[in-house]
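One structure is given below, encoded as structure tokens.
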Amino acid sequence: MDRKTIVYFILILFTWSSAKAEDGYRLWLRFDKIENEVLKDYYQEQIQYIFVDGSSPILNTASNELSTGLSGLLGHPIPLEQQPQNKAGIIVGLIGQSQLITDLVPKEKATAIQEEGFLLFYHPTNKQLLLAAKDERGILYGSFYLLRQIQNHQPIDDLNLLNNPKIKKRVLNHWDNLDRTVERGYAGFSIWNWHELPEFIDQRYIDYARANASIGINGTVVTNVNANSLIFRADYLEKAAALADVFRPYGIQLYLTARFSSPIELGGLETADPLDPQVQQWWKDKTAEIYRLIPDFGGFLVKANSEGQPGPQEYNRNHADGANMLADAVAPYGGIVMWRAFVYSEEEPEDRAKQAYNEFVPLDGKFRDNVLIQVKNGPIDFQPREPIHPLFGAMPQTPLMMEFQITKEYLGQGTHLVGLSSIYEEVLKTDTYVKGEGSLVAKVIDGSLDGHKLTGIAGVANIGTARNWTGNLFGQADWYAFGRLAWDPYLDSKTIFREWTRLTFTHDPEALNTIVRMLASSHETCVRYMTPMGLHHIMAAGHHFGPGPWVSQMSRADWTSVYYHKADEKGIGFDRTSTGSDALSQYSATFRQQYSDPNTCPLPFLLWFHHVSWDYKLSSGRTLWEEMCYTYHQGAMEVEQLQESWEQLRPFIDKARFQQVKMHLKIQVKEAKWWRDACLTYFQSFSKMPIPSELEQPLHELQYYQSIIYPYAPGIRPRW
Ligand code: BDP
């Protein structure tokens with residue numbers, strides 16, 4: 046062989062091996078050929094062609110997805126025909142617009158389809174699989190559903206599935222800054238390259254839209270809630286419009302965060318008072334300008350009078366005044382305002398957990414119809430575990446939108462494996478009892494409890510420039526779970542974990558079960574080694590990376606850890622009963638009853654609601670201190686078990702992805718022990734009790750743990 050031939054072979058080999066290398070970029074949208082021949086033949090028999098009756102940008106996206114996905118899965122091209130054929134296939138169309146579909150779909154089924162919903166119906170006599178909807182997005186979601194059904198190896202010849210989304214606005218919130226840093230982002234930089242927009246359209250924008258559409262997400266807020274008014278400058282709006290153009294064929298609306306002081310900063314006005322006619326006009330004109338560029342613009346997301354952000358209170362106006370002004374500006378175009386309830390006063394008047402409720406409940410019924418109040422799942426801030434936010438159920442006249450965090454600011458950030466679906470499920474299925482038993486948070490959010498039409502759910506995105514999108518491969522499961530629960534907040538996490546694992550990793554029953562078990566147990570594990578028994582907000586200051594229960598000096602007390610755990614020589618925990626801050630009084634009577642007595646308060650919330658003495662006897666027979674020691678140890682040990690489980694999966698997972706996860710688990714083991722030892726050593730300085738001798742003892746003195754600092758931990762905003 047001469048040199049040229051050798052180089053040629055090396056090149057071929059390199060291309061071949063890099064094509065085989067798995068890097069996680071494809072997320073759950075992997076349409077590789079089904080290996081099981083019997084299954085493949087089965088699908089092959091049912092699907093010999095696709096006919097989509099109609100054409101439009103979204104319908105074309107759906108047809109392309111169907112034909113590429115199915116061709117991949119079946120291993121040969123599945124043609125998109127121009128008309129129905131006399132053989133088994135898929136017929137797709139809109140009720141009312143496609144005569145064929147209108148004739149074939151039974152009337153009662155057609156009427157049950159709602160906005161964005163779809164029907165997948167196997168027509169037995171015609172031997173055709175029908176995909177019908179009333180609008181194009183329904184077709185898009187039905188197409189992805191069908192593909193997923195096949196990726197999941199489910200039967201399709203008996204499909205009779207009506208699937209309507211339960212929540213209307215299913216939105217990602219990107220805390221992305223215009224300089225491409227991502228606040229609380231652990232997956233690299235922002236995927237939005239503002240500098241090169243609008244001309245340069247990164248393939249990632251398209252793939253991002255696809256991924257979202259495939260799980261039913263229909264909106265995205267591309268800018269940080271700590272907003273920058275620059276986004277409203279004409280050139281930036283053109284950039285945003287270019288993104289909106291990419292998203293549109295995938296049924297995704299673009300939203301922007303509105304900095305309340307924009308009329309001053311950008312408009313040169315002297316005030317941003319929402320009742321000032323000039324200010325109102327400025328927002329109306331700006332909104333008109335946005336809609337000229339982005340006709341389907343979704344609306345604004347606003348963080349006002351919170352953590353230093355400007356807002357209506359600077360002008361002695363309230364949140365309703367602020368929200369309504371923006372709502373009036375977007376109303377003529379069908380836009381909405383998502384106004385955040387994550388507020389707590391600069392003056393720190395009382396328990397931070399109570400403040401949002403106090404500010405917002407008196408405003409119930411005072412918001413325009415196109416305003417959603419966006420409420421974080423718990424009253425503090427995306428902690429590993431929190432009770433539900435007391436606003437759920439407390440504002441019956443106002444639609445409340447759920448805000449979950451998908452990025453893991455307080456849950457191990459970029460390196461820990463924590464299946465967040467479990468938290469989402471726990472919150473959504475919690476009973477507020479406001480209208481008797483069964484008044485689940487999910488029912489507040491889907492509007493069914495109080496009869497709201499406008500409904501929404503937001504997830505703070507964990508997406509960045511990392512090749513696999515989320516940095517930690519298992520972070521993909523959280524993005525996926527958010528989308529699935531946004532569509533149906535009653536789904537259970539095990540189902541979601543199972544689906545995701547099949548789509549992402551393997552169909553092997555044993556490996557599948559192992560991964561599902563890992564995901565399903567991982568949240569509780571994390572709570573155990575970070576914040577067991579209701580502890581909260583004891584992370585290091587600022588970046589929130591690692592333990593910092595000793596944090597006591599911050600510009601405000603309610604940013605410190607000692608404010609939240611209140612450890613002293615007698616005991617630990619935040620008394621939120623009537624003898625303390627009485628935050629518990631903001632919940633319904635039945636809810637209160639369960640939590641107000643430390644003897645009956647569920648252990649996971651004990652220290653959230655009670656200050657408990659170190660020698661307090663728990664139902665386990667252990668004292669509080671002992672229980673704390675055992676729980677921290679159990680948490681750290683369970684991470685080692687996660688590591689062992691993953692090791693067993695080596696034969697089932699490709700090398701590249703196996704290694705990625707393995708390396709992250711190694712970090713997690715190290716950090717879980719760090720959490721355990723730092724917290725126990727610190728709390729021991731109050732309890733003055735020994736760590737039970739059968740447990741591994743911390744290697745260092747408290748001072749050592751306190752001296753660990755990470756000035757460059759990721760995700761931080763320079764201001765903090
Ligand atoms: C906290 C974050 C902070 C956000 C804030 C918010 O630490 O970076 O700006 O929430 O939601 O979780 O506005």
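Residue numbering for the sequence shown follows the numbering used here, starting at 46 and increasing by one per position. The beta-carbon is built from N, C-alpha and C at its ideal position, and this holds for glycine as well.
At a cut-off of 7 Å, is Asp426 close to the ligand BDP when judged by its beta-carbon and the heavy atoms of the ligand? Result yes, Cβ under 7 Å from the ligand BDP.
On the three-state DSSP scale, how would you describe Asp603? helix
Are there any heavy atoms of the ligand FMN lying less than 7 Å away from the beta-carbon of Arg229, as far as the coordinates show? Of the ligands one can find in the structure shown, namely the ligand BDP, none is the ligand FMN.
Rounded to whole angstroms, what's the CA-CA distance from Pro210 to Glu161? Just pull it up for me. 7 Å
Please go through the region 497-555 and give each complete beta strand (DSSP E) segment of 3 or more residues, from N-terminal end onward. 501-505
What does Phe345 pair with, by DSSP beta-bridge criteria? Leu301, Val382
By DSSP, does Ser27 sit in helix, in strand, or in coil? Outside the displayed range of the chain (46 to 765) lies residue 27, so it cannot be described from this structure.
Distance, Cα to Cα, Ile140 vs Ile158? 9 Å
Within the present structure, is the beta-carbon of Asn271 separated from the nearest heavy atom of the ligand BDP by less than 7 Å? yes
Taking 7 Å as the cut-off, is the CB of Glu352 close to at least one heavy atom of the ligand BDP? yes
Thinking Ser690 and Thr515 are a contact (beta carbons under 8 Å), I'd like their distance in whole angstroms, please. Not quite, the Cβ-Cβ distance comes to about 21 Å (not below 8 Å), so this is no contact.
Alpha-carbon spacing of Ile451 relative to Gln130, whole angstroms: 45 Å
Starting from Ile95 and walking both ways along the beta strand (DSSP E), at which residues does that stretch end? 95-98
Option nearest Asn218 by Cα separation, candidates Leu299, Thr106, Glu110: Leu299
Assigned secondary structure, Ala467 (DSSP; H/G/I helix, E/B strand, else coil): It is worth fixing the name first, because residue 467 is Ser in this sequence and not Ala. Looking at Ser467 - three-state DSSP - the assignment turns out to be helix.
Own chain partners of Gln751 with C-beta closer than 7 Å, once the 5 adjacent residues on each side are dropped: Trp595
Write down every uninterrupted run of the alpha helix (DSSP H) in the region 267-345 whose length is 4 residues or greater and which is fully enclosed by it, in chain order. Here the runs fully enclosed are 279-292, 307-310, 322-338.
CB Phe292 to CB Ala333, shorter than 8 Å? no
Ends of the beta strand (DSSP E) at Gln199? Unbroken run through Gln199: none, as it is neither H nor E.
For Ser623, which option in His656, Asn507, Trp670 has the closest C-alpha, if you only look at C-alpha atoms? His656
Put Glu126 into one of helix, strand or coil per three-state DSSP. strand
Given this structure, state the Cα-to-Cα distance separating Asn273 from Asp221, to the nearest angstrom. 10 Å
Let me know the secondary structure DSSP gives Ile92 once reduced to three states. coil
Under three-state DSSP, which class holds Ile736? Reduced to three states, the DSSP call for Ile736 is coil.
Sorted by chain position, which residues of the same chain lie with C-beta nearer than 6 Å to Pro308's C-beta, five sequence neighbours on each side aside? Leu314, Ala317, Val324, Trp327
In the DSSP output, which residue or residues are listed as bridge partners for Leu175? Ile136, Phe166
Run the proximity test for Glu454: is its beta-carbon closer than 7 Å to any non-hydrogen atom belonging to the ligand BDP? Yes, the beta carbon of Glu454 sits closer than 7 Å to at least one heavy atom of the ligand BDP.
Near Ile55, which residues of its chain fall below 7 Å by C-beta distance, leaving aside the five closest residues on each side in sequence? Because Ile55 sits at a pLDDT of 45, beneath the cut-off of 50, its placement in the model cannot be relied upon, and the point is left open.
Between the beta-carbon of Ala511 and the beta-carbon of Gln419, is there less than 8 Å? no
Within a Cβ cutoff of 6 Å, which residues of the same chain sit near Gln196, ignoring the five residues on either side of it in sequence? For Gln196, where only same-chain residues beyond five positions count, the Cβ hits under 6 Å are Leu548.
For the region 433-451 against the region 404-413, do three or more pairs of beta-carbon atoms, one drawn from each stretch, fall closer than 8 Å, so that the two count as touching? Contact check between the region 433-451 and the region 404-413: three or more CB pairs, one atom from each, fall below 8 Å, which counts as touching.
Just the C-alpha distance for Leu104 and Ser188, rounded to the nearest angstrom, thanks. 10 Å
For Glu448, the residue or residues it bridges with in DSSP: Lys421, Ala503
Spell out the partners DSSP gives Asn218 in its beta bridges. Looking at the DSSP assignment, Asn218 forms a beta bridge with Val266, Val505.
Three-state class that DSSP yields for Asp722 in the structure shown: helix
Simplified DSSP state of Pro40, which is helix, strand or coil: For residue 40 there is no data in the structure shown, the boundaries of the chain being 46 and 765.
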